[in-house]
Structures are given as C-alpha cells and as structure tokens.
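*Asks:* Residue numbers (the numbering used here): 26 to 393.
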Ligand SMILES: Cc1ncc(COP(=O)(O)O)c(C=O)c1O
C-alpha cells in the first residue's frame, strides 16, 4: 500500500531534535509570545524574503488578520479563486467582506489573472491570490490589475512553503501573505500554527496589536483585538523543521519528476504542470482523469492512496449559497472538481513506492 501521505516517517527522522526543542520550551515555561516565537518569525520571514513575520494561531486567522490589517471592512468585495480550500473565502467573510469568486487557470489551477479584471467593481478592495497545491499564482499580472484599480493583494501561502515565482520565494510579493503550518503542510507544526508575512512596518505593527488583544502594554489596549498568537512549543518545532524544508521540497520535486517520467505518455491522465515562471513545491500532486470516482475506488483497492483537493468549488458550497453562485459560473473549477485526484506525495516516499503508485495508476487508467 502506498499512502497518500504519512507524517510518522518524518517525525521519526527528527524525533530527538523535536523532543529536545519541546523540552527546552517546557523547562523555560516560554509558551506565549516567547523568544522561540520571535526567532521563528524572523527565520521564516527571512526564508521567504519578507521584512516581517507575525506569528498567529493558524492559517485561517493569518488571512483574516491580514485582511483586517489592510483595512478590509464590512461590505468590501475581495476576489478569491473558486478552486481553493474554504478558509481562503471564510477569512474574507470573517472580516465582513464579500468573496467574489473567479475561475482558475486550466494548467496551474491558480486564479486566472484575466478573470480578475472582469470581476472588479467599485466595491472591490482586495485580491486573494492562492498558490494552490504548491504552484504559484501568476503574480505579475495580478499585481498589475491590483495597481490599476488600487487594490490590496494578499497571498495565501498555506500550500506554498518552498514555492518560487520567477526565481523568488512567494510570500513577499503582495501587501501581506497568510501562511498555515497545519501539520500536513510542507512545513507543518505539531498542532495549529500560522504566520502573516509583510514588508510594511505599519501592517506588521497593526498585526501585532490584532493578534494580542490590541495590547500596547500589559494592561493597555489601543484597539479591540483578538487572541491569535503562535505558541512557543509550535515555534520551537517549526524552527527545527525549517532547517529541513529545502531538502523536503527537493524530495517532493524528485517524486514529481518521476511521476512525469513514468506516466507522461499515458493517454487519459493529465499530470501536474509547472509553468515557466514557477518552481512548484508539490504540496499535493494533482492529476485529472475521467470517471474519477471509479478510478479512485480502483486505486484504493489496488493499494494506491488518493484524495480530492477539492470536490466542490466554493461558489457551489452550501456555506456560500447565499451569494447566489450557480453551476456554469466557473466552468474550469467545476469541470476539474469532477476529475481531480491527489496521488501519493510526501518527501519520505521511496523511489520504489513512487514506481509502485505509478504502476497502479497506469493499470487503472489503461483499463478505463
Ligand atoms: C489554501 C489554504 N488556505 C488557508 C488554509 C487555512 O489554514 P489553517 O488550517 O492553518 O487554518 C489552508 C489549510 O488548511 C489552505 O490549504
């Protein structure tokens, strides 16, 4: 059996380092807004080429607080891709904004820059560019539309640790970026964790107030904020793991290359594409096939783990029915939601496992 993902192997490989780091936090009782957190903020921001990193409780709140810090208010429209995890849009809703869905590029699965300009209205205030599956959104045209219309840009980097756009790590191109360190992410914590990246001193200061009850000193509060802090134990774990991130991304890329070699000629299967401007980090490896549900049932039966990211585009989710989205609004996202399959992808996969998974996929697709 080749699993879709296995976090235990990675833990085993770094267990002694992680346990020592956690023990250190416990012995220092440095749990909240600790030196570990500040060190991780600085290290991860540097890794991403951003001036500031502000640690928060999770990726959803990273996006939500980024929107607030950038001034998104009740009724403001924020452009969001139709194909992404619901947290991207939920963050907009929590900030009082209205997500306006735009279809995705058929090769990169990321928001279609040309579609964004058509969705801009007098109420539009921002664009959420999601670097989905580890592939970067095409940021240059997105920034052009934003500049032409006076819009803020938030990068959703939840799936993009180690992703490059035109030779540069993503996360410092827009006005602010939200990062998730959910355990299964390419850089995953041992619980929930998140960060906002920004190059703006002012936005970083606002975020520090927002995440800590608006606190300017212990009993002084300049704004009504939230409690959304990155804890010391997660920071310590993430500091250990950050040292291995490049190695893990390289391993993912090697597996992707192998899938390409082994399955590139297979009719009836569309593999992941890396656009010329992209360095894909393959957080998930997504393929497309007809008869998706039948194919997935056979893959599982024959021992190839698989999943779907994501089966329902956001404009058709019950949670967003009130916005009046309907079938046909975003044809690429809708067609892909019926055809996409995520296949085994995590750094510790062996070459034999990649070959085994590819063999099963070939057998199942050829029999369609
Ligand atoms: C694209 C995307 N945005 C936002 C999030 C939210 O992150 P979190 O689960 O840490 O709140 C996730 C991950 O779960 C995600 O994949």
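For every residue, glycine included, the Cβ atom is placed at its ideal position computed from N, Cα and C.
Relative to the C-alpha of residue 68, which candidate in 185, 173, 357, 268 has its C-alpha closest?
*Replies:* In the chain shown, counting from the first residue as 1, residue 68 sits at position 43. Ranking the options by Cα distance to residue 68, first place goes to 268.
*Asks:* Consider the Cβ of residue 44: report whether some Cβ of chain B lies at a distance smaller than 8 Å.
*Replies:* This model lacks chain B altogether; it includes just one protein chain.
*Asks:* Entirely within the region 81-164 and at least 4 residues each: give me those alpha helix (DSSP H) ranges in chain order.
*Replies:* Counting whole runs of 4 or more residues, the region 81-164 contains the alpha helix (DSSP H) stretches 84-94, 112-119, 138-144.
*Asks:* Measuring CB to CB, does residue 229 end up less than 8 Å from residue 81?
*Replies:* Start at 1 with the first residue of the chain shown, and residue 229 comes out as number 204. Start at 1 with the first residue of the chain shown, and residue 81 comes out as number 56. No, the Cβ-Cβ distance between residue 229 and residue 81 is not below 8 Å.
*Asks:* Under 8 Å: do the region 188-207 and the region 215-224 share three or more Cβ pairs, one atom per stretch?
*Replies:* Yes: the two stretches touch, three or more of their Cβ pairs being nearer than 8 Å.
*Asks:* Tell me the DSSP secondary structure of residue 228 in three-state form.
*Replies:* The sequence position of residue 228 within the chain shown is 203, counting from 1. Three-state result, residue 228: helix.
*Asks:* If you measure between the beta carbons of residue 161 and residue 105, is that distance less than 8 Å?
*Replies:* Mapped onto the chain shown, residue 161 falls at position 136. Mapped onto the chain shown, residue 105 falls at position 80. No, the Cβ-Cβ distance between residue 161 and residue 105 is not below 8 Å.
*Asks:* Which whole-angstrom value is the C-beta distance of residue 358 and residue 129, which I expect to be below 8 Å?
*Replies:* Here residue 358 corresponds to residue number 333 of the chain shown, with the count starting at 1. Here residue 129 corresponds to residue number 104 of the chain shown, with the count starting at 1. That pair is a contact at about 6 Å.
*Asks:* For ligand 1, is there a heavy atom less than 7 Å away from the beta-carbon of residue 205?
*Replies:* As a first step, residue 205 is located in the chain shown; it is residue number 180 there, counting from the start. Yes, the beta carbon of residue 205 sits closer than 7 Å to at least one heavy atom of ligand 1.
*Asks:* Could you name the residues that DSSP lists as bridge partners for residue 24?
*Replies:* Since the first and last residues shown for the chain are 26 and 393, residue 24 lies out of range.
*Asks:* Within the chosen definition, does the region 377-391 reach the region 147-167 through at least 3 CB pairs nearer than 8 Å?
*Replies:* No: the two stretches stay apart, fewer than three of their Cβ pairs being nearer than 8 Å.
*Asks:* What are the uninterrupted segments assigned as beta strand (DSSP E) that are 3 or more residues long and contained completely in the region 306-355, given in chain order?
*Replies:* If we require 3 residues or more, the beta strand (DSSP E) runs fully inside the region 306-355 come out as 310-313.
*Asks:* In this structure, how does DSSP classify residue 268 when only helix, strand and coil are distinguished?
*Replies:* For the purposes of this step, residue 268 is taken as the residue at position 243 of the chain shown. Coil, per DSSP.
*Asks:* According to DSSP, residue 202 sits in a beta bridge with which residue or residues?
*Replies:* Position 177 of the chain shown, counted from the start, is the residue given in the question as residue 202. Residue 202 pairs with 180, 222.
*Asks:* I'd like to know whether the C-beta atoms of residue 131 and residue 369 end up nearer to each other than 8 Å.
*Replies:* The count along the chain shown starts at 1 and reaches residue 131 at position 106. The count along the chain shown starts at 1 and reaches residue 369 at position 344. No, the pair does not count as a contact, with Cβ atoms beyond the cut-off.
*Asks:* With distances taken Cα to Cα, identify the nearest neighbour of residue 304 among 319, 282, 52.
*Replies:* Residue mapping note: residue 304 aligns to position 279 of the chain shown, counting from 1. Among 319, 282, 52, the Cα nearest to that of residue 304 is on 282.
*Asks:* In angstroms, rounded to a whole number, what distance separates the CA positions of residue 85 and residue 176?
*Replies:* Residue 85 sits at position 60 when you count from the first residue of the chain shown. Residue 176 sits at position 151 when you count from the first residue of the chain shown. The alpha-carbon atoms of residue 85 and residue 176 are separated by roughly 21 Å.
*Asks:* Skipping 5 residues on each side, what residues in its chain have a beta carbon closer than 7 Å to that of residue 367?
*Replies:* Here residue 367 refers to the residue found at position 342 of the chain shown. Around residue 367: 29, 309, 310, 311, 331, 332, 333, 334.
*Asks:* Alpha carbon to alpha carbon, what distance is there between residue 99 and residue 275?
*Replies:* Residue numbering aside, residue 275 sits at position 250 when the chain shown is read from its first letter. Residue numbering aside, residue 99 sits at position 74 when the chain shown is read from its first letter. Roughly 42 Å between the two C-alpha positions.
*Asks:* Between the Cα of residue 155 and the Cα atoms of 148, 144, 136, which residue gives the shortest distance?
*Replies:* As a working note, residue 155 is residue 130 in the chain shown. It is 136.
*Asks:* In the DSSP assignment, find the alpha helix (DSSP H) that holds residue 386 and state where it starts and stops.
*Replies:* Here residue 386 refers to the residue found at position 361 of the chain shown. 376-391 is the span of the alpha helix (DSSP H), which, as asked, contains residue 386.
*Asks:* Report yes if the C-beta distance between residue 212 and residue 266 is below 8 Å; otherwise report no.
*Replies:* One-based indexing of the chain shown puts residue 212 at position 187. One-based indexing of the chain shown puts residue 266 at position 241. Contact flag set, yes.
*Asks:* I'd like to confirm the pairing. Which residues does DSSP put opposite residue 193 in its beta bridges?
*Replies:* Your numbering for residue 193 matches position 168 in the chain shown. Answer by DSSP bridge pairing, in chain order: 190.
*Asks:* Can you tell me whether residue 172 is helix, strand or coil according to DSSP?
*Replies:* Taking the first residue of the chain shown as 1, we reach residue 172 at position 147. In this structure, residue 172 counts as helix in the three-state DSSP scheme.
*Asks:* Determine the burial state of residue 259: buried for a count of at least 16 other Cβ atoms within 10 Å of its Cβ, exposed for fewer.
*Replies:* Position 234 of the chain shown, counted from the start, is the residue given in the question as residue 259. The residue in question, residue 259, is buried, as its Cβ has 16 or more Cβ neighbours within 10 Å.
*Asks:* Report whether the distance from the Cβ of residue 184 to the nearest heavy atom of ligand 1 is below 7 Å.
*Replies:* As a working mapping, residue 184 is identified with position 159 in the chain shown. Yes.
*Asks:* To the nearest whole angstrom, what separates the beta carbons of residue 236 and residue 251, a pair I think is in contact under 8 Å?
*Replies:* Looking up residue 236 in the chain shown gives position 211. Looking up residue 251 in the chain shown gives position 226. That belief holds up - the Cβ atoms of residue 236 and residue 251 are roughly 6 Å apart, short of 8 Å.
*Asks:* Under 8 Å between the Cβ atoms of residue 306 and residue 32?
*Replies:* Stepping through the chain shown from its first residue, residue 306 is reached at position 281. Stepping through the chain shown from its first residue, residue 32 is reached at position 7. Result no, Cβ atoms of residue 306 and residue 32 do not sit closer than 8 Å.
*Asks:* I need the boundaries of the beta strand (DSSP E) containing residue 368, first residue and last residue.
*Replies:* Taking the chain shown and counting its residues from 1, the one referred to as residue 368 is at position 343. 365-368 is the extent of the beta strand (DSSP E) around residue 368.
*Asks:* Express the C-alpha separation of residue 103 and residue 93 in angstroms, rounding to a whole number.
*Replies:* Residue mapping note: residue 93 aligns to position 68 of the chain shown, counting from 1. Residue mapping note: residue 103 aligns to position 78 of the chain shown, counting from 1. Residue 93 and residue 103: Cα-Cα distance of roughly 12 Å.
*Asks:* Taking 8 Å as the threshold, find out whether the region 282-292 comes into contact with the region 138-145 through three or more Cβ pairs.
*Replies:* The region 282-292 vs the region 138-145: no contact.
*Asks:* Leaving out five residues on either side along the sequence, give the residues of the same chain with a beta carbon under 7 Å from the beta carbon of residue 247.
*Replies:* Here residue 247 is taken as the residue at index 222 of the chain shown, counted from 1. Taken in chain order, the residues that qualify are 234, 239, 241.
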